[in-house]
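The end of the sequence shown is residue 401 by the UniProt record's numbering, with every number in the run present. All C-beta atoms, glycine included, are put in the ideal place defined by N, C-alpha and C. Values in this document were obtained by computation on a predicted structure and should not be read as measured data. I have placed the structure first, in the form of structure tokens, so that the comments after it can refer back to it.
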Amino acid sequence: MAQTFFTLPESPEDPIIGLMNAYARDQNPHKIDVSVGVYKTEEGDPNYVFPSVKAAKRILAENDPGHCYTQMLGIPAFVAQAQKTIFGANHKNVASVQSISGSGALHLAFELLREMGLRDVYVGTPCWLNYQGMIEHAGLKYHTYNYYAAQTHAVDFDSVLTALQQAPSKSVFVLQAVCHNPTGLDFSKEQWLQIFEIVKTRNLFPLFDIAYQGFSSGDVDEDAWAIREAWKQGFEFIACQSYSKNMGLYSERVGCTHVCSKDEGAVATIRSELTRLIRAEFSFAPAFGARVAAIIQETPELREIWAKDVSDVTERIKGVRQKVLDTFTQLKTPGSWDHVVNSHGLFWFTGLTPDQTQKLQDEHHIYGTLNGRVNVAGLNDSNIATYCAAVDAVVRKYPGN
1 MAQTFFTLPE SPEDPIIGLM NAYARDQNPH KIDVSVGVYK TEEGDPNYVF
51 PSVKAAKRIL AENDPGHCYT QMLGIPAFVA QAQKTIFGAN HKNVASVQSI
101 SGSGALHLAF ELLREMGLRD VYVGTPCWLN YQGMIEHAGL KYHTYNYYAA
151 QTHAVDFDSV LTALQQAPSK SVFVLQAVCH NPTGLDFSKE QWLQIFEIVK
201 TRNLFPLFDI AYQGFSSGDV DEDAWAIREA WKQGFEFIAC QSYSKNMGLY
251 SERVGCTHVC SKDEGAVATI RSELTRLIRA EFSFAPAFGA RVAAIIQETP
301 ELREIWAKDV SDVTERIKGV RQKVLDTFTQ LKTPGSWDHV VNSHGLFWFT
351 GLTPDQTQKL QDEHHIYGTL NGRVNVAGLN DSNIATYCAA VDAVVRKYPG
401 N
């Protein structure tokens, strides 16, 4: 037998992909998918196109720029508008580059942190599952602390403060600005101010992940508060921005990495280093989605439509949350369920155990991640009653510890 170079261990299937495949194989007509983090309409359509995006695509089609290479730093109009959406009118001392959506923005940030000599990265758990792999792939040290208090279904803020106070100076803290994935539980403004005070006194480095801007309050400006406050206080930090959710441009891979420096003179150097990293990895970010996003943000009429798009999505999600709570209340489902309306964005951390979640799948054809996370947008008037009845049955039949 000829020698092979491919002596690689087989990688395990991604849990979310595994759920998607299992759901696709299930022939039950009443099956429900609350696993994948995409927005779905009341009709259950994951391919919904925002009205603002439809309008921008028409404008782009009428003014087709072709498919030539753009610029390594990204499409200038998009990058400028992305800055404004994150920072408002004042974005001095910010080096911004287009990235391959939020994942690419984070990867670029971790690569830059390595070049800056920052090695220790702290992440609150439970968290987005991809953080660890990306951090370790960049050669950085992955540290965790507890973010979620299971007994109270709230942020474990004492644990957060302890981690900030005990981490070595120059440690990096990955902080989700709004709509925490997977818990849906965010810091209050008062808590953010406490965090910033410790960051300041202990010389820590914040890395903001903002993947759901607008889906907490229904307003993109309000949801940028933490990042704008950090900029206002003069911190150096990185913000990683995605338009996958708040414009529904998932497969177009639209995002930005924003690096904020105290030194205006350092911005050009930071930008050149980002250019070097980009050249070595992908050279040019995808153009189509970025051009659509630029048109929406730079056209007052379309920006107004986009604001309504985001508000409408947020209001629908809030409405679903309230209906879930109302149904559990009517069923007298064991346990406390107020946290469904106290969390924000697409996700709700139910508190169901892995065993209970598996029973939902095996006995009721409801597909969710084993950590108990639910994509609330996967629920609607046609399946809320079915979902809640299934949860009620499972927690009664298989009570958690």
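Of N146, P126, E111 and D120, the smallest CA-CA separation from H137 is found for E111. Contact between S261 and E236 is confirmed by a C-beta separation of about 6 angstroms, below the 8 angstroms threshold. Burial is judged here by how many other beta carbons sit within 10 angstroms of a residue's own beta carbon; R396 has fewer than 16 and is exposed. For W348, the uninterrupted beta strand (DSSP E) run begins and ends at F347 to F349, by DSSP.
The residue from Y387, W337, I384 and C240 with its alpha-carbon nearest to that of T85 is C240.
Distances from the alpha-carbon of N181 to those of R253, R119, L370 and L346 put L346 closest. When rounded, the separation of the alpha-carbon atoms in A56 and A307 is 14 angstroms.
The region 70 to 78 makes contact with the region 284 to 299: 3 or more CB pairs, one atom from each, lie closer than 8 angstroms.
Residue state for C127 is assigned as coil, using DSSP reduced to three classes. Where G248 is concerned, there is no enclosing alpha helix (DSSP H), because DSSP gives it neither an H nor an E. For S343, the secondary structure class from DSSP, reduced to helix, strand or coil, is coil.
Per the coordinates, the alpha-carbon of G88 lies some 43 angstroms from the alpha-carbon of V391. Using a Cβ distance threshold of 9 angstroms, N371 and P126 count as a contacting pair. The DSSP-derived three-state label of P206 is strand.
In the three-state reduction of the DSSP assignment, D33 falls in the strand class. In this structure, T144 places its C-beta atom within 9 angstroms of the C-beta atom of G124. Excluding sequence positions up to five before and after A95, its CB lies within less than 6 angstroms of the CB of V259, V267, I270 and R271, all in the same chain and listed in chain order.
Our two residues, N28 and T386, have alpha carbons roughly 13 angstroms apart in a direct line. Looking at the DSSP output, Y145 shares a beta bridge with G124. Taking 9 angstroms as the cut-off, the Cβ atoms of L19 and V36 count as close. Per DSSP, the unbroken alpha helix (DSSP H) holding T327 starts and ends at P300 to L331. In this structure E315 touches G218 by the C-beta definition: roughly 6 angstroms separates them, less than 8 angstroms. Counting every other CB atom within 10 Å of its CB across the protein chains shown gives R253 a total of 16 or more, marking it as buried.
In the three-state reduction of the DSSP assignment, Y398 falls in the coil class, being assigned neither a helical nor a strand state. Excluding sequence positions up to five before and after F284, its CB lies within less than 6 angstroms of the CB of Y69 and T70, all in the same chain and listed in chain order.
In the three-state scheme derived from DSSP, where H, G and I count as helix and E and B as strand, C240 is classed as strand.
If you draw a 10 Å sphere on the C-beta of T369, you find 16 or more other C-beta atoms in it, and that means buried. In this structure, DSSP gives S52 a helical state, which the three-state scheme calls helix. Within the same chain, and ignoring the five residues on either side of I384 in sequence, the residues whose Cβ sits closer than 8 angstroms to its Cβ are V320, K323, V324 and T327.
The region 38 to 106 contains, as complete beta strand (DSSP E) runs of 3+ residues, the segments 94 to 100 (chain order). Annotation note: the region 133 to 198 contains the following uninterrupted beta strand (DSSP E) runs of length 3 or greater, listed N- to C-terminal: 141 to 146 and 172 to 176. Using a C-beta cut-off of 8 angstroms, the region 101 to 111 makes contact with the region 205 to 213, since at least three inter-stretch Cβ pairs fall below that distance. DSSP places H365 outside any beta strand (DSSP E), giving it a letter other than H or E. Take D223, set aside five residues on each side of it, and the residues of its chain with a beta-carbon closer than 6 angstroms to its own are V178, Q213, G214, S216 and S217, in chain order.
Residues V38 and S244 of the same chain have their beta carbon placed closer than 7 angstroms to that of Y250, with the five preceding and five following residues left out of the count. Secondary structure at T4: coil, using DSSP grouped into helix, strand and coil.
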